[in-house]
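Letter 313 of the sequence shown, counting from 1, is numbered 357 in the working numbering, and no numbers are missing. From the three backbone atoms N, C-alpha and C, an ideal C-beta is built for every residue, glycine too.
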Amino acid sequence: MKITNVEAFWLRCPIPKEKQHFSDYGLLTDFDMTLVVITTDTGLQGFGEAKAAVGSSGVCASIVSCIENEIKPLLIGKDAHQITRIWEHIYNGTRDHYALKRGRKFPILGRRGLTISAMSGVDTALWDLKGKALGVPVVELLGGACREKMPAYASGGWAGTDKIGEQLLGYVSKGFQGVKMRVGVMDETVQESIRRVRAAREALGENIKLMTDAHGTFSVPEAKQFCRGVEDCNLYWFEEPISPDNRHGTAEVKASTSIPIAAGESEYTAFDVRDLIEVRALDVVQPDSAIIGGITEAMRVAHLAHTYQLELAPHCWGSAFSFMAGVNVAFAAPAATIIEFSSGGNPMMYDLVNEQIQAVDGMIEVPTAPGLGLTPNWDFVKEFKQTI
């Protein structure tokens, strides 16, 4: 199964006005993603996603260029079955032969950032290809599912103090027993974030899991103040309290509170996650398969979480392809207990693919379709493909 073509498409789709929301990223009016397509000499195709941003909107031109001009020449003619071998080849570049001979990395300069995001889409597409070729879901290739079903939590929560309870209860009414809300600089003050969380907990009662996500926007003192203000709200976790560039600061926040700290969606490769673990900065690890280095690297992170007795909660905010990548990793990982389910306006989750993605009564069933189980809606791709 030789690789004959590698393509990348930057897709930008408007979010319907009634589904738009405002956060620290501003008013999100569009959703962007990079669709990666790998074709083999058998005619089989695999699909993946690479991200230019953690949030919904981001310019993907550089990722498309990296995939088509830098990575594609390395892949043409390669055996698509050899996923790990290809990952190491891209990551180590021309010193690849040294890396394999010596058993350690000799990475290229772009070992972080958009190059790894580009690799992520390629790697995920290769896993999709291999699953299709063998007629099994990706989770089977990762060792099989650890459970038959997993709970999902509704990820949203942008409303103000007076409406946040109503918004989160709307998610609960669909069967979700866990919900996540945004806090941080979008609230202008720490006290307003505290008021919104307290209003949310009052509306939800005691039995619904409540997570908060600051998108890395608090300072260390602000994050500590926030934690003190919501200490009695029984938060399931507090996500990215401060900038991901300040892992020691995150560790300082974690040491100051009993609230579990989550992070990892902004990290590249398992090395970054290892560094967070070493300084005791987190309780919940959140790799994003479209950023971390694909399914291959997400599973390496899953093994770290398992080894260090941390919870794994893959970041699944993106298109249907990165969502299903995260779902397959979560089902294969003993450390994972819950899956993120986007509750914002997300055409890339529902309109990009022909299949229907859903959580039934707040639960997601183990994947059974070959590969990622998804096929692009090519009319959608044609309509929203950006010219670079």
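- The three-state secondary structure of Y197, taken from DSSP, is strand.
- Excluding sequence positions up to five before and after T84, its CB lies within less than 7 Å of the CB of M45, K46, I47, T48, A124 and L173, all in the same chain and listed in chain order.
- Residues C57 and F75 of the same chain have their beta carbon placed closer than 6 Å to that of P391, with the five preceding and five following residues left out of the count.
- Secondary structure in the region 74-156: the alpha helix (DSSP H) runs of 4 residues or longer, each lying completely within the stretch, are 105-109, 116-119, 127-136 and 140-146 in chain order.
- Note that the C-beta distance between S101 and L72 is below 8 Å.
- The Cβ atoms of V425 and L88 lie no closer than 8 Å to each other.
- Rounded to whole angstroms, the separation of the alpha carbons of R291 and G260 is 11 Å.
- Per DSSP, the continuous alpha helix (DSSP H) segment holding R242 begins and ends at V234 to L248.
- Distance between L186 and V371, taken at the CA atoms: about 12 Å.
- In this chain, the beta strand (DSSP E) harbouring D257 covers K253 to D257.
- Per DSSP, the continuous beta strand (DSSP E) segment holding W281 begins and ends at W281 to E283.
- Secondary structure note for E309: it is in no beta strand (DSSP E), with a DSSP letter that is neither H nor E.
- With distances taken between CA atoms, D423 lies nearest to D395 out of E284, D395 and M343.
- Shown here for P151: same chain residues with a beta carbon closer than 7 Å to its own, the five before and five after excluded, namely Y135 and N136 in chain order.
- Cβ-Cβ separation between I238 and F270: approximately 6 Å, consistent with a contact (criterion under 8 Å).
- Judged by their CB atoms, A349 and A306 are not nearer to each other than the 8 Å cut-off.
- For M407 and A357, the gap between their C-alpha atoms comes out near 15 Å.
- In this structure, A162 keeps its C-beta atom at 8 Å or more from the C-beta atom of I120.
- Following the DSSP letters along the chain, one finds W202 in no beta strand (DSSP E), marked with neither H nor E.
- Counting the other CB atoms within 10 Å of its CB gives I286 a total of 16 or more, which places it among the buried residues.
- Look at K174 here: in three-state DSSP terms it is helix.
- As computed with DSSP, W54 is found in a beta bridge with T78.
- DSSP places S333 outside both helix and strand once states are collapsed to three, so it counts as coil.
- Per DSSP, the beta bridge partners of S386 are S199.
- Nearest to Y312 by C-alpha distance, out of G147, Y352, I59 and G157, is G157.
- The region 239-254 and the region 196-210 touch, with no fewer than 3 CB-CB distances between them shorter than 8 Å.
- One Cα belongs to D257, the other to Y215, and the distance between them is close to 17 Å.
- The Cβ neighbour count for T138, taken over all protein chains shown within 10 Å, is under 16; the residue is labelled exposed.
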